[in-house]
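S.K.:
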Amino acid sequence: MAGGREIKTKIKSVQNTRKVTRALEMVSASKIRKAQDRMKQSRPYARAMKQLIGHLAQAQTDYQHPYLVHRDNVKRVGYIVISSDRGLAGGLNNNMFRKLLVEFRALQEQGIEVDVVTIGQKASVFFRRIKVDMLASVTHMGDQPRLEQLVGVVKVMLD
38 MAGGREIKTK
48 IKSVQNTRKV
58 TRALEMVSAS
68 KIRKAQDRMK
78 QSRPYARAMK
88 QLIGHLAQAQ
98 TDYQHPYLVH
108 RDNVKRVGYI
118 VISSDRGLAG
128 GLNNNMFRKL
138 LVEFRALQEQ
148 GIEVDVVTIG
158 QKASVFFRRI
168 KVDMLASVTH
178 MGDQPRLEQL
188 VGVVKVMLD
């Protein structure tokens with residue numbers, strides 16, 4: 038039979054585990070609240086974008102933007118690859134990288150040059166490791182990236 042000291046130690050251990058669990062629950066509840074607030078704040082933007090896309094889809098215009106026109110003799114394509122900075126996205130990054138590699142190989146077999154711009158630490162590290170030349174790269178943008186952080190990278194791709 039367990040002695041009094043062993044029982045007290047066990048009780049103390051369970052109490053400490055309970056405290057840690059409570060603290061983790063509070064942290065996760067706070068994170069969920071923040072995510073819900075951000076989601077609520079983005080709803081008007083999402084509604085406006087949906088409405089704008091609907092209007093564009095219904096418009097009967099002859100104008101074709103040069104970036105959206107289908108071309109027959111393609112010599113060069115560009116990819117803006119967006120990944121996470123940390124590995125907390127499950128298989129998202131790896132699945133995307135696998136699919137991109139298949140596409141890159143298919144394009145290179147056709148003699149098409151591939152340009153890559155990366156946004157996110159995981160994409161940057163992956164493409165550097167497999168020795169793909171990147172035109173530009175942005176990492177460590179945090180949970181709420183600012184437009185100024187992206188303008189330069191996207192401009193490099195569009196030029």
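Converting from the sequence shown to the working numbering requires adding 37 to each position, the first position being numbered 1. Heads up, the beta-carbon is just placed ideally off N, CA and C, and yes, glycines get one too.
#1: Starting from D152, trace the alpha helix (DSSP H) both ways and give me its first and last residue.
#2: Let me check one thing: in DSSP terms, what residues is A173 bridge-paired to?
#3: Let me know the secondary structure DSSP gives G115 once reduced to three states.
#4: What are the start and end residues of each continuous beta strand (DSSP E) run of 3 or more residues lying completely inside the stretch 59–132, in chain order?
#5: Using C-beta distances below 6 angstroms, list every residue in its chain close to S161, excluding the 5 sequence neighbours before and after it, in chain order.
#6: Are the beta-carbon atoms of L138 and I167 separated by less than 9 angstroms?
#7: Can you find the residues in the same chain that come closer than 6 angstroms, C-beta to C-beta, to L172, ignoring five residues on each side of it along the sequence?
#8: Could you check where the alpha helix (DSSP H) with M194 kicks off and where it finishes?
#9: Decide if the stretch 110–123 is in contact with the stretch 131–146; the criterion is three or more beta carbon pairs, one per stretch, under 8 angstroms apart.
#10: When the distance is taken between beta carbons, is V191 closer than 9 angstroms to I149?
#11: For Y116, is the classification buried or exposed, using 16 other Cβ atoms within 10 angstroms of its Cβ as the cut-off for buried?
#12: Taking the straight line between their C-alpha atoms, what separation do you get for S67 and V57?
M.R.: Inspection of the coordinates gives the following:
#1: First-last for D152: 150–156, but that is the beta strand (DSSP E), not the alpha helix (DSSP H).
#2: V154
#3: DSSP places G115 in strand when its eight states are reduced to three.
#4: 113–119
#5: T155, S174, T176
#6: yes
#7: If we look at L172 and ignore the five residues flanking it on each side, its Cβ neighbours are D152, V154, V193.
#8: 184–195
#9: yes
#10: no
#11: buried
#12: When only Cα atoms are considered, S67 and V57 end up about 15 angstroms apart.
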